[in-house]
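Asks:
2 protein chains.
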Amino acid sequence: MAKQGVLAVVSGFSGAGKGTVMKALMEKYDNYSLSISATTRDPRPGEEHGREYFFVSEAEFERMIASDALIEYTRYVNHYYGTPRAYVESQMAEGRDVILEIEIQGALNIRKKFPEAVLIFVVPPTIEELKRRLLGRGTETPEVIEKRLKRAYEESDGMELYDYIVVNDTVDECVERLHGIICAQHEKTAVNGELIARMKKELKEMTEQ
Amino acid sequence: MAKQGVLAVVSGFSGAGKGTVMKALMEKYDNYSLSISATTRDPRPGEEHGREYFFVSEAEFERMIASDALIEYTRYVNHYYGTPRAYVESQMAEGRDVILEIEIQGALNIRKKFPEAVLIFVVPPTIEELKRRLLGRGTETPEVIEKRLKRAYEESDGMELYDYIVVNDTVDECVERLHGIICAQHEKTAVNGELIARMKKELKEMTEQ
Chain A
0 MAKQGVLAVV
10 SGFSGAGKGT
20 VMKALMEKYD
30 NYSLSISATT
40 RDPRPGEEHG
50 REYFFVSEAE
60 FERMIASDAL
70 IEYTRYVNHY
80 YGTPRAYVES
90 QMAEGRDVIL
100 EIEIQGALNI
110 RKKFPEAVLI
120 FVVPPTIEEL
130 KRRLLGRGTE
140 TPEVIEKRLK
150 RAYEESDGME
160 LYDYIVVNDT
170 VDECVERLHG
180 IICAQHEKTA
190 VNGELIARMK
200 KELKEMTEQ
Chain B
0 MAKQGVLAVV
10 SGFSGAGKGT
20 VMKALMEKYD
30 NYSLSISATT
40 RDPRPGEEHG
50 REYFFVSEAE
60 FERMIASDAL
70 IEYTRYVNHY
80 YGTPRAYVES
90 QMAEGRDVIL
100 EIEIQGALNI
110 RKKFPEAVLI
120 FVVPPTIEEL
130 KRRLLGRGTE
140 TPEVIEKRLK
150 RAYEESDGME
160 LYDYIVVNDT
170 VDECVERLHG
180 IICAQHEKTA
190 VNGELIARMK
200 KELKEMTEQ
């Protein structure tokens, strides 16, 4: 049986470039499975069911809650967001490292249920740069940008709750840092209980011979 | 000013191949400084003062203790072993990652004084392989090998106290794993307090404009 994969939660300010980094990470390395969240909010233009989110009705979401089909869920601005259990657990069991790109409340819910999960927060090099990136998209009104910065300010309160803070200066470097952190997680003592037990047993047998 | 370097403690069973791995790590990457311990035990054939250890007298060692010149020390089989402070602190301040190759008691002393230090335990793939490596040296008597295996058995009790367990299957892979773990340490939230404080301050200023 393959060794269980790592569960990695990636959060970060809107505009920090998480999406681009995730895409590059998936393209470069083949050990990752990206979990897709379920939500009751409407799809935005360009979003696809099963790609950005599973878009489900309120009733459907509540059925998922009731049948324990979500490993975590949260309600934010009148909508549900949650992580379907089946995909995450099957991928991890196959030894694949699963990435959840979710918000802070979801991240903290994951921490409670999966103490071995690694929580990573992606930040831009500076807030000036964050604003530049938000402006650079050219698609958002000043009001929306202001709202995102305010939201980032609120979110910054939770940064200390993450295990790692990764600066997204260049996509390539950020990808390498994320990959390095997640790989290192496989060597954590807490996930190597079997190896430790086997070593102790073998040493005991050998010294008793 | 350079960001503070990481303090990494590397321990492992005698025969796990730590020495070879450390040498390869130092040769491959230039961000590391290897701390040299002080000891009151006699040099073994082939050991050099200032390379394997600083060999000092009992009186000298006790002067080092008294003047707080050691960041940790321990007594083992009638001899002192300790880590000189000056080198470790100056290298870390320059942003270099410092490696201490020390035994478990020393490792636990470091943990108390440097909670941000990362503790890594290197193991062979199997105990059979450990025995093979010890035998393969061809320099040790069966009694010495037996003593080393007994010592490994005692040491295995402390494995859970380390942060990471790294298997030394091949030197190259082991080097990469160690390097990955130590690099990831730079992104730990606990060592990025300044970055977090700066982000929060910048976000506050920007949203208050």
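Residue numbers (numbering that gives the first Met the number 0), protein chains in the order written: chain A, 0 to 208; chain B, 0 to 208. All residues carry an ideal CB built from backbone N, CA and C; glycine is no exception.
#1: Using DSSP with H/G/I as helix, E/B as strand and the rest coil, what is ILE98(A)?
#2: Say whether chain A places a C-beta atom closer than 8 Å to the C-beta of ALA37(B).
#3: What residue from ILE103(B), ALA58(B), SER155(B) has the CA that sits closest to GLU71(B)'s CA?
#4: Please list, in chain order, the chain A residues whose beta carbon lies closer than 8 Å to that of ASP171(B).
#5: Just curious, the beta strand (DSSP E) that GLY11(A) is in, first and last residue?
#6: Give the straight-line distance between the Cα atoms of GLU139(A) and GLY16(B), rounded to the nearest whole angstrom.
#7: Per DSSP, LEU33(A) is paired with what?
#8: What does DSSP give as the partner residue(s) for VAL78(B) in the beta ladder?
#9: What separation, rounded to the nearest whole angstrom, lies between the Cα atoms of GLN90(A) and GLY4(A)?
#10: I need the straight-line Cα distance from ARG176(A) to ARG147(A), nearest angstrom please.
#11: Kindly list, in the order they appear in chain B, the residues whose Cβ is closer than 8 Å to that of ASN191(A).
#12: On the DSSP letters alone, give me the boundaries of the beta strand (DSSP E) that PHE54(A) sits inside.
#13: Which class does THR38(A) belong to by DSSP, given the choice of helix, strand or coil?
#14: Please list the terminal residues of the continuous beta strand (DSSP E) segment that includes VAL121(A).
#15: Identify whether ALA141(A) lies in helix, strand or coil by the three-state DSSP scheme.
#16: What number of angstroms, rounded off, separates the C-alpha of LYS2(B) from the C-alpha of VAL76(B)?
#17: Between the C-alpha atoms of PRO124(B) and HIS185(B), what's the straight-line distance to the nearest angstrom?
#18: Nearest to LYS187(A) by alpha carbon, out of GLU159(A), GLU115(A), GLU204(A), LYS203(A)?
#19: Quick one: is ASP67(A) buried, meaning 16 or more other Cβ sit within 10 Å of its Cβ, or exposed?
#20: For a quick check, are the C-beta atoms of ASP162(A) and VAL121(A) less than 8 Å apart?
#21: Chain B partners of MET63(A), CB-CB under 9 Å?
#22: Which residue marks the beginning of the alpha helix (DSSP H) containing TYR86(B), and which one marks its end?
#23: Give me, in chain order, the residues of the same chain whose beta-carbon lies closer than 6 Å to that of ARG40(B); leave out the 5 immediate sequence neighbours on both sides.
#24: Indicate the three-state DSSP secondary structure (helix, strand or coil) for TYR163(A) in the structure shown.
#25: Can you tell me which of the three DSSP states HIS48(B) falls into?
#26: Let me see if you follow: with CB-CB separation under 8 Å, is VAL143(A) close to chain B or not?
#27: Between the beta-carbon of MET21(A) and the beta-carbon of VAL8(A), is there less than 8 Å?
#28: Which residues of chain A have a Cβ atom closer than 8 Å to the Cβ of GLY157(B), listed in chain order?
#29: In terms of residue numbering, what span does the alpha helix (DSSP H) encompassing ARG62(A) cover?
#30: Among ASP168(B), VAL170(B), GLU154(B), which has the Cα closest to the Cα of GLY13(B)?
#31: Which residues of the segment 74–100 of chain B have a Cβ closer than 8 Å to any Cβ of chain A? Give them in chain order.
#32: So if DSSP puts LEU24(B) in a beta bridge, which residue, or which two residues, is it bridged to?
#33: Whole angstroms are fine: how far does the CA of GLY18(B) sit from the CA of LEU99(B)?
#34: Sorted by chain position, which residues of the same chain lie with C-beta nearer than 6 Å to ILE181(B)'s C-beta, five sequence neighbours on each side aside?
Replies: Straight from the coordinates:
#1: strand
#2: Interface with chain A (8 Å Cβ-Cβ cutoff): ALA37(B) is excluded.
#3: ILE103(B)
#4: Simply none; closest approach about 15 Å.
#5: For GLY11(A), the enclosing beta strand (DSSP E) covers residues 6–11.
#6: 57 Å
#7: ILE98(A)
#8: Val is not the amino acid found at residue 78(B); the sequence shown has His there. Answer by DSSP bridge pairing, in chain order: TYR75(B).
#9: One C-alpha to the other measures close to 7 Å.
#10: 25 Å
#11: ILE164
#12: 52–54
#13: strand
#14: 117–122
#15: Sequence inspection shows Pro at residue 141(A); the Ala mentioned does not correspond to that position. Three-state result, PRO141(A): helix.
#16: Roughly 39 Å between the two C-alpha positions.
#17: PRO124(B) and HIS185(B) have their C-alpha atoms roughly 28 Å apart.
#18: GLU115(A)
#19: exposed
#20: The Cβ-Cβ distance between ASP162(A) and VAL121(A) does not fall below 8 Å.
#21: Here the premise fails: no neighbours, minimum Cβ distance about 32 Å.
#22: 84–92
#23: HIS78
#24: strand
#25: strand
#26: no
#27: no
#28: Under a criterion of Cβ atoms nearer than 8 Å, no residue of chain A is adjacent to GLY157(B); the nearest Cβ is some 11 Å distant.
#29: 57–65
#30: The residue asked about is misnamed: residue 13(B) is Ser in this sequence, not Gly. Closest by alpha carbon: GLU154(B).
#31: none
#32: None, per the DSSP bridge assignment.
#33: A direct Cα-Cα distance of roughly 12 Å separates LEU99(B) from GLY18(B).
#34: VAL5, ALA7, ASP96
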